[in-house]
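Single-structure report; data block below.
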Amino acid sequence: MEVYAPIPKDLVYRAPPAVRIVRTFVFVAALAIGATGVLRFMYAAPMDSHNFGTVQTRFGTAGVVCGGDTAPRCGDSTGLAFAKCTPDLMAYFNSVAEYDVRARALLGKRPPTGNKWYLLCGWGPLVRGAPAHLESN
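Count the sequence shown with my numbering and you get residues 5 to 141, in order.
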C-alpha cells in the first residue's frame, strides 16, 4: 500500500487572479482570431475566373483566361495560355516586361479584361473552349 503525502503549500505557485484573468482573455482572443481565419478561408467565395475561349497563333492554339489559381486576376490582365512551352514561344516572349506588346503584335487584339496580356505556358487544361471573340487593337 502506497501513501501519498500532500504537496506543501509553499511549493505550489499559483498566479494572482488578475494575471489568470488576463492570461485566459489572451488565450480566448487568440483562439477566436485563429478560428475566424479558418472559417473565412473555408467559406470564402471562390476566386473569380473566366475562360474567354481560344485563339489561333503561329505557335499553336492558346487559351484566353483570367482569374483562378493560375492566371492573373480578372480586371488586372488577361492570360494567354499555351499548352506547351516551346523554344520558339519562349524566344518570342523573351521578356516579362514585353509580354503585352508581344501578345498584341501576335494577336492584333486587346485583352478582354484588364489592360494587358500575360503569358502562361505549360497549362494545357486552360486551352479549351470555342474561339474567343476579341476586339482589335
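Using N, Cα and C, we set each Cβ at its ideal position, and we do this for glycine too.
### Task
Within 10 angstroms of the Cβ of K13, are there 16 or more other Cβ atoms? Answer buried if so, exposed if not.
Locating residue 13 in the sequence shown gives position 9, where the first residue counts as 1. Per the 10 Å Cβ criterion, exposed.
### Query
On the three-state DSSP scale, how would you describe P38?
Residue 38 sits at position 34 when you count from the first residue of the sequence shown. Looking at the sequence provided, one finds Gly at residue 38 rather than Pro. Note: G38 maps to helix in three-state DSSP.
### Query
P129: which of V16, A34, A19 and A75 sits nearest, CA to CA?
By one-based count along the sequence shown, residue 129 stands at place 125. When only C-alpha atoms are compared, the closest one is A75.
### Query
Which value, in whole angstroms, describes the spacing of the CA atoms of P135 and G118?
Residue 135 sits at position 131 when you count from the first residue of the sequence shown. Residue 118 sits at position 114 when you count from the first residue of the sequence shown. Using only the alpha carbons, I get a separation of about 19 Å.
### Query
For the putative contact between W127 and A85, defined by C-beta atoms under 8 Å, what is the C-beta separation to the nearest angstrom?
If you number the sequence shown from 1, residue 127 lands on position 123. If you number the sequence shown from 1, residue 85 lands on position 81. About 5 Å; that satisfies the 8 Å criterion.
#### Entry: Sequence-distant residues of its chain with Cβ nearer than 8 Å to R108 (five each side left out)
For the purposes of this step, residue 108 is taken as residue 104 along the sequence shown, with counting starting at 1. For R108, the CB contacts under 8 Å within the same chain, skipping 5 residues up- and downstream, are R114, W121 and N141 in chain order.
### Message
Can you look up P91 in the DSSP assignment and give me helix, strand or coil?
### Response
Indexing the sequence shown from 1 puts residue 91 at position 87. In the structure shown, P91 sits in a helix (DSSP, three-state: H, G or I).
#### Entry: Minimum Cβ-Cβ distance from L111 to chain D less than 8 Å
Among the chains of the structure shown, chain D does not appear; only one protein chain is present.
### Query
If you run the structure through DSSP and keep just helix, strand and coil, what is T117?
By 1-based counting over the sequence shown, the position of residue 117 is 113. In the three-state scheme derived from DSSP, where H, G and I count as helix and E and B as strand, T117 is classed as coil.
### Task
Along the beta strand (DSSP E) that carries A85, what are the first and last residues, could you check?
What you label residue 85 is simply residue 81 of the sequence shown in a count that begins at 1. For A85, the enclosing beta strand (DSSP E) covers residues T82 to F86.
### Query
Just how far apart, CA to CA, sit Y87 and F56?
What you label residue 87 is simply residue 83 of the sequence shown in a count that begins at 1. What you label residue 56 is simply residue 52 of the sequence shown in a count that begins at 1. The displayed chain sequence assigns Ala, not Tyr, to residue 87. For A87 and F56, the distance between alpha carbons rounds to 16 Å.
### Query
Quick one: what's got a C-beta closer than 7 Å to D92's C-beta in the same chain, skipping five residues either side?
To locate residue 92, count along the sequence shown from 1; it is residue 88. Excluding residues within five positions, the ones whose Cβ falls inside 7 Å are F63.
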